[in-house]
Amino acid sequence: MTINTAASWREIERSTVFSEFGRSVDRVAFELPDGRREEFYLKREGPAGAVLALTPDRRVILARQYRPGPDRVMSELPGGFIEPGEQPARAVARELLEETGYQGEVRPVGQYWHDAYSSARRFAFLATDCVKVAEPTPQGTEFIEVVTLTLDEFRTGVLRTGGMTDTAAAYLALEHLTLL
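Those letters in the sequence shown? Residues 1 to 180, by UniProt numbering.
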(Lines of atoms letter the chains of each structure in order from A and count residues from 1; the text may use other names and numbers.)
(Lines give C-alpha, C1' and ligand atoms only; values in the text may rest on other atoms or scores of the structure.)
Protein backbone atom coordinates (compact mmCIF):
# COMPACT_ATOMS: atom_id res chain seq x y z
CA MET A 1 0.00 0.00 0.00
CA THR A 2 1.35 3.42 -0.99
CA ILE A 3 0.44 6.36 1.23
CA ASN A 4 0.41 9.88 -0.16
CA THR A 5 2.44 11.56 2.60
CA ALA A 6 1.27 15.03 1.63
CA ALA A 7 -2.43 14.13 1.64
CA SER A 8 -4.90 16.11 3.72
CA TRP A 9 -5.79 14.90 7.16
CA ARG A 10 -9.41 14.36 8.17
CA GLU A 11 -10.60 16.27 11.22
CA ILE A 12 -12.62 13.97 13.47
CA GLU A 13 -13.06 15.96 16.69
CA ARG A 14 -12.57 19.54 17.92
CA SER A 15 -13.08 21.23 21.27
CA THR A 16 -12.17 24.72 22.45
CA VAL A 17 -9.80 24.68 25.41
CA PHE A 18 -9.49 28.45 25.84
CA SER A 19 -11.02 31.51 24.17
CA GLU A 20 -10.30 35.13 25.05
CA PHE A 21 -8.92 38.35 23.53
CA GLY A 22 -9.90 37.27 20.00
CA ARG A 23 -7.80 34.11 20.23
CA SER A 24 -8.71 30.51 20.92
CA VAL A 25 -6.83 27.31 21.52
CA ASP A 26 -8.56 24.22 20.15
CA ARG A 27 -7.80 20.57 20.82
CA VAL A 28 -8.24 18.88 17.44
CA ALA A 29 -8.10 15.18 16.60
CA PHE A 30 -7.22 14.13 13.07
CA GLU A 31 -7.19 10.89 11.16
CA LEU A 32 -3.87 10.75 9.33
CA PRO A 33 -3.46 9.32 5.81
CA ASP A 34 -2.21 6.02 7.28
CA GLY A 35 -5.31 5.70 9.50
CA ARG A 36 -3.74 6.74 12.82
CA ARG A 37 -5.45 9.26 15.09
CA GLU A 38 -3.37 12.16 16.44
CA GLU A 39 -4.32 15.18 18.56
CA PHE A 40 -2.95 18.71 18.26
CA TYR A 41 -3.47 22.00 20.05
CA LEU A 42 -4.12 24.70 17.45
CA LYS A 43 -4.30 28.46 17.88
CA ARG A 44 -7.30 30.05 16.19
CA GLU A 45 -7.31 33.77 15.47
CA GLY A 46 -8.33 36.14 12.73
CA PRO A 47 -6.19 37.72 10.03
CA ALA A 48 -3.71 40.48 10.78
CA GLY A 49 -1.44 42.79 8.85
CA ALA A 50 1.91 44.49 9.34
CA VAL A 51 3.48 47.33 7.39
CA LEU A 52 7.09 48.29 6.78
CA ALA A 53 6.63 52.06 6.84
CA LEU A 54 9.23 54.43 5.39
CA THR A 55 9.50 58.19 5.73
CA PRO A 56 10.39 60.25 2.62
CA ASP A 57 14.07 60.03 3.66
CA ARG A 58 13.68 56.20 3.91
CA ARG A 59 13.73 55.84 7.68
CA VAL A 60 11.86 52.81 9.03
CA ILE A 61 9.06 53.58 11.49
CA LEU A 62 8.80 51.03 14.29
CA ALA A 63 6.63 50.54 17.34
CA ARG A 64 8.48 49.33 20.44
CA GLN A 65 6.45 47.71 23.17
CA TYR A 66 6.56 44.96 25.77
CA ARG A 67 5.40 41.56 24.55
CA PRO A 68 4.48 38.89 27.12
CA GLY A 69 5.41 35.88 24.94
CA PRO A 70 9.12 36.70 24.62
CA ASP A 71 8.92 38.62 27.96
CA ARG A 72 10.75 41.65 26.62
CA VAL A 73 10.33 44.94 24.79
CA MET A 74 10.25 44.17 21.07
CA SER A 75 10.46 46.27 17.93
CA GLU A 76 7.47 45.74 15.67
CA LEU A 77 6.20 46.84 12.33
CA PRO A 78 2.99 48.78 12.89
CA GLY A 79 -0.01 46.52 12.41
CA GLY A 80 -2.68 44.43 14.03
CA PHE A 81 -5.85 42.47 13.60
CA ILE A 82 -8.10 43.06 10.62
CA GLU A 83 -11.68 43.75 11.68
CA PRO A 84 -14.47 41.63 10.10
CA GLY A 85 -15.32 43.14 6.69
CA GLU A 86 -12.27 45.42 6.74
CA GLN A 87 -9.85 45.34 3.82
CA PRO A 88 -6.28 44.43 4.86
CA ALA A 89 -4.76 47.61 3.34
CA ARG A 90 -7.27 49.76 5.21
CA ALA A 91 -6.52 47.89 8.44
CA VAL A 92 -2.76 48.45 8.28
CA ALA A 93 -3.25 52.12 7.34
CA ARG A 94 -5.51 52.48 10.41
CA GLU A 95 -2.99 50.66 12.63
CA LEU A 96 -0.09 52.75 11.29
CA LEU A 97 -1.94 55.93 12.21
CA GLU A 98 -3.14 54.66 15.62
CA GLU A 99 0.21 53.25 16.71
CA THR A 100 2.59 55.85 15.27
CA GLY A 101 0.66 58.90 14.06
CA TYR A 102 2.05 58.43 10.54
CA GLN A 103 0.25 58.08 7.19
CA GLY A 104 1.66 57.03 3.84
CA GLU A 105 1.00 55.27 0.55
CA VAL A 106 0.22 51.63 1.44
CA ARG A 107 0.62 48.73 -0.99
CA PRO A 108 0.58 44.94 -0.52
CA VAL A 109 3.80 42.94 -0.79
CA GLY A 110 2.67 39.43 0.20
CA GLN A 111 0.88 37.19 2.63
CA TYR A 112 1.71 34.11 4.68
CA TRP A 113 0.47 31.82 7.44
CA HIS A 114 1.58 32.81 10.95
CA ASP A 115 2.80 29.27 11.68
CA ALA A 116 1.90 25.63 11.09
CA TYR A 117 -0.29 25.37 14.20
CA SER A 118 -2.34 28.53 13.73
CA SER A 119 -5.25 29.59 11.53
CA ALA A 120 -3.83 33.13 11.38
CA ARG A 121 -3.29 34.58 7.93
CA ARG A 122 -0.84 37.48 7.84
CA PHE A 123 -0.79 40.25 5.24
CA ALA A 124 2.42 42.19 4.57
CA PHE A 125 2.48 45.76 3.30
CA LEU A 126 4.91 48.52 2.41
CA ALA A 127 4.06 52.16 3.12
CA THR A 128 6.17 54.87 1.51
CA ASP A 129 6.37 58.64 1.92
CA CYS A 130 5.03 58.39 5.46
CA VAL A 131 4.60 61.65 7.32
CA LYS A 132 3.51 62.30 10.87
CA VAL A 133 -0.01 63.76 10.83
CA ALA A 134 -1.17 63.12 14.41
CA GLU A 135 -0.12 61.88 17.80
CA PRO A 136 -0.42 58.11 18.29
CA THR A 137 -3.64 56.84 19.85
CA PRO A 138 -2.69 53.45 21.29
CA GLN A 139 -5.49 51.05 22.16
CA GLY A 140 -6.05 48.84 25.21
CA THR A 141 -2.79 47.28 26.39
CA GLU A 142 -0.56 49.18 23.95
CA PHE A 143 2.17 51.30 25.56
CA ILE A 144 4.20 52.17 22.49
CA GLU A 145 7.43 54.03 21.88
CA VAL A 146 7.70 55.13 18.23
CA VAL A 147 11.23 55.02 16.81
CA THR A 148 12.69 55.63 13.37
CA LEU A 149 15.84 53.95 12.08
CA THR A 150 17.84 54.07 8.89
CA LEU A 151 17.36 51.03 6.67
CA ASP A 152 20.86 49.85 7.59
CA GLU A 153 20.18 50.23 11.33
CA PHE A 154 16.92 48.36 10.88
CA ARG A 155 18.43 45.48 8.90
CA THR A 156 21.57 44.95 10.98
CA GLY A 157 20.52 46.16 14.42
CA VAL A 158 16.94 44.91 14.68
CA LEU A 159 15.83 42.53 11.92
CA ARG A 160 18.81 40.15 12.02
CA THR A 161 19.22 40.12 15.80
CA GLY A 162 15.91 38.55 16.83
CA GLY A 163 14.75 41.77 18.44
CA MET A 164 11.51 42.10 16.51
CA THR A 165 8.28 40.43 15.56
CA ASP A 166 6.81 40.46 12.03
CA THR A 167 10.10 39.42 10.42
CA ALA A 168 8.38 37.68 7.49
CA ALA A 169 6.48 40.86 6.63
CA ALA A 170 9.69 42.89 6.90
CA TYR A 171 11.56 40.58 4.52
CA LEU A 172 8.68 40.62 2.02
CA ALA A 173 8.74 44.43 2.02
CA LEU A 174 12.53 44.58 1.69
CA GLU A 175 12.34 42.12 -1.20
CA HIS A 176 9.72 44.34 -2.84
CA LEU A 177 12.15 47.24 -2.50
CA THR A 178 14.90 45.00 -4.00
CA LEU A 179 16.98 45.52 -0.87
CA LEU A 180 17.77 41.86 -0.21
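C-beta atoms are modelled at their ideal positions from N, C-alpha and C, and glycine is treated no differently.
- Cβ contact check for the stretch 81-88 and the stretch 24-34: 3 or more pairs under 8 Å: Fewer than three beta-carbon pairs drawn from the stretch 81-88 and the stretch 24-34 are found closer than 8 Å, and the two stretches are therefore not classed as touching.
- Message: Could you tell me the alpha carbon to alpha carbon distance between Glu142 and Gln65, rounded to whole angstroms?
- Response: The sequence position of residue 142 within the sequence shown is 142, counting from 1. The sequence position of residue 65 within the sequence shown is 65, counting from 1. If you take the alpha carbons of Glu142 and Gln65, they lie about 7 Å apart.
- Is DSSP giving Asp26 helix, strand or coil here? Along the sequence shown, read from residue 1 onward, the residue named residue 26 stands at position 26. Strand, per DSSP.
- Residue from Leu174, Ala173, Met164 and Ala168 with nearest C-alpha to Asp71: Counted from its first residue, the sequence shown places residue 71 at position 71. Answer by Cα proximity: Met164.
- Compute the beta-carbon to beta-carbon distance between residue 181 and Asp152, rounded to the nearest angstrom, for a pair I have assumed lies under 8 Å. Residue coverage of the chain in this structure runs from 1 to 180, which leaves residue 181 outside it and unanswerable.
- Sort out for me which residues DSSP pairs Arg107 with in a bridge. Reading the sequence shown from its first residue, position 107 is the one you call residue 107. Looking at the DSSP assignment, Arg107 forms a beta bridge with Leu126.
- Once you ignore the five residues that flank Ala7 on each side, which residues in its own chain have a CB closer than 7 Å to its CB? One-based indexing of the sequence shown puts residue 7 at position 7. The answer, listed in chain order, is Pro33.
- Identify the continuous alpha helix (DSSP H) that holds Ala170 and give its terminal residues. Position 170 of the sequence shown, counted from the start, is the residue given in the question as residue 170. Ala170 -> alpha helix (DSSP H) spans Thr167 to His176.
- Message: Please identify the residue among Ala168, Lys43, Pro138 and Gly101 whose C-alpha is closest to the C-alpha of Ala116.
- Response: Position 116 of the sequence shown, counted from the first residue, corresponds to residue 116. Selected option, being the one with the closest Cα: Lys43.
- Opposing strand residues paired with Gln65 [DSSP bridges]: Here residue 65 refers to the residue found at position 65 of the sequence shown. In the DSSP output, where bridge partners are listed per residue, Gln65 has Met74.
- Establish whether the CB of Arg160 and some CB of chain D are separated by less than 9 Å. Among the chains of the structure shown, chain D does not appear; only one protein chain is present.
- Query: Whole-angstrom Cβ separation of Ile61 and Val146, contact assumed at under 8 Å?
  - Reply: Residue numbering aside, residue 61 sits at position 61 when the sequence shown is read from its first letter. Residue numbering aside, residue 146 sits at position 146 when the sequence shown is read from its first letter. The pair is a contact, with the Cβ atoms about 7 Å apart (cut-off 8 Å).
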